[in-house]
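Here the sequence shown is numbered in UniProt numbering, starting from 1 and rising by one per residue. Take a look at the structure set out below.
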Amino acid sequence: MDTKWTQEQREAIFTKNCNLLVAAGAGAGKTAVLVERIIQKITDNEDDVDVDKLLVVTFTNAAASEMRERIGDAISKKLEVMPESKNLQKQLMLLNKSNIMTIHSFCLQVIKNNFHIIDLDPNFRVCDETESILLKQETIDEVFEDKYEQSDEGFIQLVKCYGGKNDFKVENMILDLYEFAKSNPWPEKWISTMVERFNVEEDFNFEKSPWFPVILDYMIVELQGCKSKMEKAIEIVENAQGINYYLEPMKKDLQNINNIMQCISLEELKYQFDNLQFEKLPVKRNKDADKEAKEKSKKIRDDVKKKITEISEDIFLKMSSMGKDLKEMYPKMKSLGKIVMEFNERYGAKKRERGLVDFNDIEHFCLNILIDTKENGDITPSKIALEYRQKFEEILIDEYQDSNEVQEVIMNAISKKNDIPNTFMVGDVKQSIYRFRQAKPELFLDKYNRYSDNRVGNERKIKLFKNFRSRPEIIFAVNYVFNQIMSVNIGELEYDEGEMLKSGADFPELGENVMDAESKIELHLLDKKDNEVCEDNSQNPEGAEAENINEETPDNIQIEARLVGKRIIDLINNEKFKVYDKDEKKYRNVTYKDIVILLRTTSNWAPTFVEELKSFGIPVFADTNTGYFDNIEIRTIISLLQIIDNPIQDIPLLSILRSPIEGFSSEEIIDIRMVDRNINFFSALKIIIESDDADERIKHVSKELKDKVSNFLNKLKKWRKKSLYMPIDEFIWYIYTDTGYYGFVGAMPGGKQRQANLRILFQRAKQYESTSYKGLFNFINFINKLRNSSGDMGSAKILGENEDVVRIMSVHKSKGLEFPVVILSGTGKNFNLMDMNRSVLFHSELGLGPEYVNIDRRISYPTIAKQVLKKKIKVETLSEEMRILYVALTRAKEKLIITGTAKDLEKTSEKWCEAIKYEEGKIPEYVVINAKNYLDWIVPAVAKHLSGKVIRDIGGVYDFEPLVDDKSKWCVKLWRKENFKNDLRDENEKEDIIKIVKDESLNGGNSIYYEEVNRRLNWQYKYKESCNIPSKFSVSEIKRRFDFLSADEGSSFLVDSSKLNKPVFLQKTTKLSASEKGTLLHTVMQHVDLKKVSNYEEISNQVNDLVNREFITREEANSIDANKILKFFNSSLGKRMIKSKKVLREVPFIVSLDSTELYKDLPRDVYGEEKVLLQGIIDCYFEEDDELVLLDYKTDYVDDLDKIKERYSVQIKCYKNALERLTGKI
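Laid out in structure tokens, this is it:
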């Protein structure tokens, strides 16, 4: 049946004689359109073109193969109708030599045909990525070594400024800049130009620099947010009672913000910021005042003040030294650029010596062949490029949004310009997700904005936004979310009516048995806060025990995986949920293979999801690029290769001895170690076989162990000898068979997968043999580099396309695919903005952004260039993340489920709902730009929707008028962490077994074995309590354990478990806790000079002295009340302490106690010899009349003195007993 093309598709297929840009949205059938255009070109009776006269550039080799196959099928079908057609027969024959290929394949073709022009060895080989990494490391090591020998001053300064404990940081900086520069058509020129930007004049004008417009745009977005917030604060004040005195200062604040936003020059901005003042809000005590509105408006104003202060500091704090800072960084940046260029030359020379070409070379060599550069710097197509222009009737570029600058110049060189334009480009800028590979969506956007929608002209564009993949409900949801969040500033495109997807998929009408609720887009929000955890007892500065939790709290990935697992089970078991099968042309029940789980990143997440889903009995497969080297079979073989190369490595040697290959027991390993503890393990093995029986060191070694060691060393010697002359791939296979390990892992659980993993290692060895590196040592180094630099390889793929399993994959891998059910998980994971923390940032237009470093003054801070690049890179990264989200949501055909976690759902929802309070229409750009994760975009949009009431309710928004006219349908569900703590697997079978055992009661005594069974089952270990008694106690712990212990409880508390509290350094509070204040007081009392405590000034001076000596910080000193210390020393006890001739403070002790002294209920005849250690620190004691006075400082607030004495009686008694033992005094 002929395809029914839409009007826009027909135009894309048949439009001729112009450069044509086809903007094809997700599911718009762009590949089908591209194939049909080629078919029409080569079968046009009036103006037919041979298929080898077309250049079709695809993004991947798989896409090129698929396209060639599709074209072949289409020609074959036409031949069935017209078997006599000579033209069709000719095209089918030419298809094998057609130019349907990736850009790299085309560049290689150009290089191979014109190698003589660039003086390249015709026998060149494209090097493996890992071989390239090894060669780069070798080169950078040589460059650094030479620079150190030459004492290159610029290099030394660079290392001092940006190096750490070693040179790795600077090495990586140079390699990163090299890779980044290679994405530019002329890298050397780009580096030189960007370095010279730091060679500024004394009268440097920031306003005329390329950095100023960027920071101005960013600032306006943030100021717009401040303006909206102040308008909201004013609205709150106007509608509240009794706080109208806030109105005047807030209106002045709003006017000041408006004045700043109207500035167009740096001078105006500086004037406005310099004169900007936030008046102090009037303080009035008004009983009728609306306190809630008062606090809310004041908080909004404080947030605005903070943000404007940040903006001001970013630009103007270092403005006076801006030019000086850049000039000071010029030598360092020049040195950096020089080293990168030197590295490029040396690396290029090494590649030529070996006849190698890497992936960067492929594009740049092709560019050198196709471009001529004149003496004045003008760029013109070469003679070769002009020949290609004549050869190709049309150039068709697929996935054009992912092109980079080098590829753009290459395509421009071979495309027709003055004649009839002949470039066809198809793609979707909203699906450009490869910026990390230096893709430039700006190339697509430039043409998209310039090209005409009209049907005339040499530069035209056609929009294909009719989606033939997804149900309307999914289309409506995608349109709604991205209409709310995507803009020119964040997303690089305004997602308006013209950009929205149109529903075009043909799904038969749903039957009555299908649940309508399943058509809604599901948003599952999971609260990470653990509501079962008790807060610390504020009256106990030393901390309180949290309640016992039966199950270890699962981490956030686990609980989200459990939520997903539960939802998958529900879908599979739901008879009313159907998916449409295009092959069967009917609705059917959903199966596991219909479901995909998409993750932004699979590392760390995918293994946890796999484990949790398997616990539900869900068949699952994770398509990841990690985990290969963590497999036990690979780790074992790598360890074996390591000791064959160098046996003096204890860890890999022990791994092999304990592995199934050798099978040494733990006891045998101990016997080997006992030969000599001070030598390596291999030497100990040699001593065992080389020493005679009289040697004292091996007397404990049995004959069986000696024979075992001898057998192993003989095999190792044989393997080492063979490794010297056998190719690595052959040697590895020999190891597999000689050890029998390949067959062994095949018999293990998952044996098929394990053997496939071993074959992958064999294949990698085969690839290694084709590199310029040889030998086992280099192969091990090769594998280590592969592991560390190439992100692992992922386990071998043994899964067929039709396997009924749930698939887990990254969003990037899902691009171009479609699935009936898509579950997008991990949307609460924060965006990765770590690249912005590098010492030197890079940007193709803005150049270099270094950290200012002054070694002599030992200071560093971001230069204005780095400040600007951070903001630009952040916006570009967020735009990329937004496009990744678009790709994820548009993979779904029939069902879309989104899951994510939030730290505190109630507080986070308040933040999400803030976005819908301030402005109508789209989510404000300042909210979008400050998002931390996908939920920060999705949830505010849903909160504005009619279906978002549940979010608005917990976010405290009750009077919002939602967008009632939107067609999307959402189902929002909130979950608590405790919902998924317990094991969610079905335990019915386990419970049935327990029931059967209980029913078989032995109480009747009918069985002849009754007495014996009863004796065995009820036997108890005599010293059972000893297992629970700690070997050491602290005094504080004894106080906590025994403080409120009743006589009835006895020692039963020993089985209780404790819960670890959150580390202090992770708690984002600046207020000192009671415990911290108590510790501070102890520190002061320990170091205070007792001769200088007679007045407030003396004590304050001593506290300041402790700050100067760095015993405490200034913030801690401010929290110390010197008056309280003075009151203590003026008390009778304090005066006695000062008067004493012997005062000891902070005295540590450890004493031994009988366990029965602590546990009174333990029988002395059984536990009398059981000892425990008591450890503690006595705050202070002093001698008085040949007696001891014991002091223990407490900072508790006391209402009842007798109660506090009782509370600490156990602790004081322990100190008393310890002192008596230490001093012999009472």
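By construction, the Cβ of each residue, glycine as well, lies at the ideal position given by its N, Cα and C atoms.
For residue i and residue j, what's the separation of their Cα atoms in angstroms?
| i | j | result |
| --- | --- | --- |
| M250 | M834 | 37 Å |
| F424 | E8 | 15 Å |
| R985 | L896 | Legend: pLDDT at R985 = 43, less than 50; position of this residue unreliable, value from coordinates given subsequently. Taking the straight line joining both Cα atoms gives about 25 Å. |
| T193 | K752 | 56 Å |
| residue 1230 | K1127 | What the structure shows of the chain is the stretch from 1 to 1226, and residue 1230 is not part of that stretch, so it cannot be assessed. |
| E207 | Y400 | 35 Å |
| N376 | I339 | 26 Å |
| S1155 | N979 | 42 Å |
| N1014 | S615 | 36 Å |
| D1165 | L657 | 48 Å |
| V709 | L563 | 52 Å |
| F444 | D402 | 9 Å |
| K280 | Y218 | 28 Å |
| P421 | A561 | 53 Å |
| D738 | K871 | 59 Å |
| W211 | A865 | 7 Å |
| T380 | N830 | 46 Å |
In or out: residue i buried (at least 16 other Cβ within 10 Å) or exposed?
| i | result |
| --- | --- |
| K967 | exposed |
| L613 | buried |
| M101 | buried |
| T1223 | exposed |
| residue 1247 | Nothing about residue 1247 can be read from this structure; the chain reaches only from 1 to 1226. |
| N631 | buried |
| V1198 | exposed |
| Y1215 | buried |
| F168 | exposed |
| V33 | buried |
| S659 | buried |
| D203 | exposed |
| W1019 | exposed |
| S723 | buried |
| L20 | buried |
| Y741 | buried |
| E880 | buried |
| H116 | exposed |
| residue 1313 | Lying outside 1 to 1226, the shown extent of the chain, residue 1313 is not represented and no answer is given. |
Thinking residue i and residue j are a contact (beta carbons under 8 Å), I'd like their distance in whole angstroms, please.
| i | j | result |
| --- | --- | --- |
| A902 | P940 | The Cβ separation is near 13 Å, so there is no contact. |
| T15 | R460 | 7 Å |
| G504 | K466 | 4 Å |
| S183 | N404 | 5 Å |
| L1188 | L1219 | 6 Å |
| P647 | F682 | 5 Å |
| I644 | R759 | 20 Å between Cβ atoms; not a contact. |
| V304 | K252 | Not really, about 12 Å apart at Cβ, beyond 8 Å. |
| D707 | A765 | With a Cβ gap of about 33 Å, D707 and A765 do not count as contacting. |
| Q1102 | D1121 | Not quite, the Cβ-Cβ distance comes to about 14 Å (not below 8 Å), so this is no contact. |
### Query
Counting Cβ pairs closer than 8 Å, one from the segment 801-814 and one from the segment 593-606, do we hit at least three?
With the cut-off at 8 Å, the segment 801-814 and the segment 593-606 touch.
### Message
Could you tell me which whole alpha helix (DSSP H) segments of length 4 or greater appear in the segment 882-960?
### Response
The segment 882-960 is shown to contain whole alpha helix (DSSP H) runs of 4 or more residues at 905-918, 925-929, 935-943, 949-954, in chain order.
### Query
Three or more beta-carbon pairs under 8 Å between the segment 49-58 and the segment 479-487, yes or no?
Counting Cβ pairs under 8 Å, fewer than three are found: no touch.
### Task
Determine contact between the segment 323-337 and the segment 227-245, defined as no fewer than three beta-carbon pairs at a distance below 8 Å.
Proximity of the segment 323-337 to the segment 227-245 falls short of the contact definition, fewer than three beta-carbon pairs being nearer than 8 Å.
### Query
Hey, which unbroken runs of the alpha helix (DSSP H) at 4 residues or more fall wholly within the segment 695-724?
Complete alpha helix (DSSP H) runs here, min 4: 703-723.
### Message
Quick check for students: name the residue ranges of the beta strand (DSSP E) that lie wholly in the segment 1185-1217, counting only runs of 3 or more.
### Response
With a minimum length of 3 residues, the continuous beta strand (DSSP E) runs that stay inside the segment 1185-1217 are 1187-1191.
### Task
Counting only runs of 3+ residues fully inside the segment 799-861, write out the beta strand (DSSP E) ranges in chain order.
For the segment 799-861, whole beta strand (DSSP E) runs of length 3 or above, ordered along the chain, are 806-810, 819-824, 840-843, 847-854.
### Query
Are the segment 1129-1145 and the segment 1174-1182 touching by the rule of at least three beta carbon pairs closer than 8 Å?
Below 8 Å, enough C-beta pairs join the segment 1129-1145 and the segment 1174-1182 to call them touching: three or more.
### Query
Is the segment 490-506 touching the segment 466-475, taking contact as three or more C-beta pairs under 8 Å?
Yes, since at least three Cβ pairs between the segment 490-506 and the segment 466-475 fall closer than 8 Å, the two stretches touch.
### Message
Three Cβ pairs or more, each shorter than 8 Å: is that satisfied between the segment 153-168 and the segment 848-863?
### Response
Because the criterion of three Cβ pairs below 8 Å is met, the segment 153-168 and the segment 848-863 touch.
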